[in-house]
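In the UniProt record's numbering, the protein residues as written are 1 to 247.
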């Protein structure tokens, strides 16, 4: 396959971004998207040019670090992480545009790499429990309704990749925050902080500069772990209860 890449290059946080074209030959459909970028970077290095900076770690769809906007879609044309996207999703001769996540709360570090430490601060503001459950057998001794357990596991699948923010026209992180609130709020161990958690995490979300949620639903549509949109409803319910009880 021969493909043309249009890559948003940015030397640093204050540098002016610019689209740079690269032609790449010999791409095979079995390559992952990041392997294709590795090939590009090898060629750039051999020519003495600066390789394209992009984030990755596990390359197994677990860590959530590999986010890229591909042809205007977070993580690309398939509902998966960028590292699990393969070149079979593209055709010979295609032009592919690569951009970083675009949000004021995700400042660009270099090229396709953004600083997502704002997510860490949201979690630190309330994503914890104070209950000492002991070892695993002790925690398992606490009965949890199956429906709640299933929903908690579903919400806990969030890998903090930021695709929800990249896809949202408002650059809202509400799906991420709601998933972190829901997976603890649905379990007995998460009840002591339940009301404080939702208030504190939303306050931190606003302080980080994320936009407001207007229920467009693009966040859930691109989420590689299929976090359902109804976790936002659960968050809003918890917030309403917290505000009423703490007037």
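We treat Cβ as the ideally placed atom computed from N, Cα and C, and that holds for glycine. What you are looking at is a predicted structure, and each value in this text was computed from that prediction instead of being measured.
Item	Value
Compare the C-alpha of residue 230 against each of 84, 93, 174 and name the closest.	174
DSSP beta-bridge partners for residue 23?	4
Quick one: residues in its chain with C-beta nearer than 8 Å to the C-beta of residue 148, no 5 flanking neighbours on either side, listed in chain order?	186, 187
Work out the CA separation of residue 105 and residue 58 for me, nearest whole Å.	24 Å
Who are the near neighbours of residue 162 in its chain, counting only those whose CB is closer than 6 Å to its CB and skipping five residues on each side?	67, 101, 116
Can you name the start and end residues of the alpha helix (DSSP H) that residue 195 belongs to?	194-208
Would the beta-carbon of residue 53 fall within 8 Å of that of residue 110?	yes
When DSSP builds the beta bridges, which residues end up paired with residue 70?	73, 98
For the putative contact between residue 227 and residue 213, defined by C-beta atoms under 8 Å, what is the C-beta separation to the nearest angstrom?	Not a contact, Cβ separation roughly 14 Å.
Do residue 5 and residue 24 have their beta-carbon atoms positioned less than 8 Å apart in this structure?	yes
Which residue from 154, 135, 241 puts its Cα closest to that of residue 193?	241
Which residues bound the beta strand (DSSP E) around residue 108?	108-110
Looking only at its own chain, which residues have a Cβ that is under 8 Å from the Cβ of residue 112, when we skip the five neighbours before and after it?	7, 8, 52, 53, 54, 55, 68, 98, 99, 100
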